[in-house]
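Below you'll find the structure, written out as structure tokens, and then a few comments.
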Amino acid sequence: MKSIAIGAHLLRDDVEPVAEAVPVGDLYLSAVAVADDQPLGDRDLLLRVAGVRAKLLDVATFVALRYGFTFTSAEEAQSKTLPFHGRWKRLLTAHRERVEITLKVAAATQTPRPDRHQFASGAEYLRALHAATQAATVDPLFREAAERLVVPLTVKHRWIHRDEKSVELAALVERTRLEEVREAGEELRATGVPFLLSGPWPLEVFADDDHE
Amino acid sequence: MSDERLEELPLLETLDHLLDRGVVIAGEAVISIGDVDLLYLGLNIVLANVDAVMRVSKR
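Sequences listed follow chains A and B, in order.
Number 56 in this note's numbering belongs to position 56 of the first sequence; there are no gaps in the numbering.
Number 31 in this note's numbering belongs to position 31 of the second sequence; there are no gaps in the numbering.
Next comes the structure, spelled out in structure tokens:
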């Protein structure tokens, strides 16, 4: 058997009985056990892990691990995550009552996605891809509205360029303010700009912060 | 857009977060050849997702 890691948690009770709790340092990894020959790309498995992830977030905020990290023993989990334990502990302690939300907005201006066949090297293609992503802009009226309606409800926020067709506002929010955020999202509809407000999510974007 | 497609949006967003966010443990980024296709699919889902939102808005 192998275990697919889902997140890092402060307490064992934050994980069990929803998922397997694996001690790493003084934290716990949540994990789902699967057969060794189980392909990680299996659709049903992905949905299962996504479902467990959502249930875990209902219990307590955790640091999300990107899908694909597997281990076969507690020792392996411990050694591979060791460099992160200190940061995770600080983040989990500081943000236990907070979750992330995502406001994805369609870009006002788009640069066409580069065609990889037109590049002589992978590096050139990646640079062009990065440039196209960074060129995406948000409608200034929408950005102003988001800064006025949503940002004041957040603990911290960050505008992120993810692809050439959208820009994203990721924010950390107190769980108790989620309803206010949803209401602010409703008000944003008046801008007429297409967007998708989603959450709550575990610590994903802000899982790299190390200055709490 | 059908109601069914609209209902897919939260699922697609969930998979996007699962596949594209969170802490990357060093040395674990490559899953397998089969899953590379899946990750590309995930990126396409994100784009389709935004496109879908735009279409919904125009209705």
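No residue lacks a Cβ here, since even glycine has one placed at the ideal position from N, Cα and C.
All of these numbers come straight from a predicted model, not from anything done at the bench.
Which runs of the alpha helix (DSSP H) at least 4 residues long sit entirely within the segment 71-145 of chain A? Give them in chain order.
74-81, 85-94 and 122-135
To which residues does DSSP link R163(A) through a beta bridge?
Going by the sequence as given, residue 163(A) is Asp instead of Arg. According to DSSP, which records beta bridges pairwise, D163(A) is partnered with S166(A).
Neighbour list for R127(A) in chain B, Cβ cutoff strictly below 7 Å:
In chain order: nothing, as chain B lies at least about 18 Å away.
How would you label R5(B), buried or exposed, when you count the other beta carbons within 10 angstroms and need 16 or more for buried?
Reliability of the predicted coordinates at R5(B) is poor, the pLDDT of 47 falling under 50, and no value is obtained from them.
Given A171(A) as reference, the closest of A64(A), L153(A) and K165(A) once Cα atoms are compared
L153(A)
Leaving aside the five residues before and after L82(A) along the sequence, list all residues of the same chain whose C-beta is less than 8 Å from its C-beta, in chain order.
V24 and G25
Going by DSSP, name the residue or residues bridged to H157(A).
A171(A)
Since E187(A) is in the alpha helix (DSSP H), which residue starts that stretch and which ends it?
L178 to L188
If you check the beta carbons only, do L169(A) and A146(A) fall under 8 Å apart?
yes
Contact set for V194(A): own chain, Cβ-Cβ below 8 Å, skip 5 residues either direction:
It is worth fixing the name first, because residue 194(A) is Pro in this sequence and not Val. Answer for P194(A): V105 and A106, listed in chain order.
Measuring CB to CB, does R48(A) end up less than 8 Å from Y28(A)?
no
Within 10 Å of its beta-carbon, does H130(A) have 16 or more other beta-carbons around it, so buried, or fewer, so exposed?
exposed
With 16 as the cutoff for other CB atoms within 10 Å, does S79(A) come out buried or exposed?
exposed
What is the residue span of the beta strand (DSSP E) that L196(A) lies within?
F195 to W201
Taking its Cβ as the centre, do 16 or more other Cβ atoms sit within 10 Å of A64(A), making it buried, or is it exposed?
buried
If you check the beta carbons only, do V205(A) and R143(A) fall under 8 Å apart?
no
Verify whether the separation of the beta carbon atoms of Y125(A) and R116(A) is less than 8 Å.
yes
For A35(A), three-class secondary structure by DSSP:
coil
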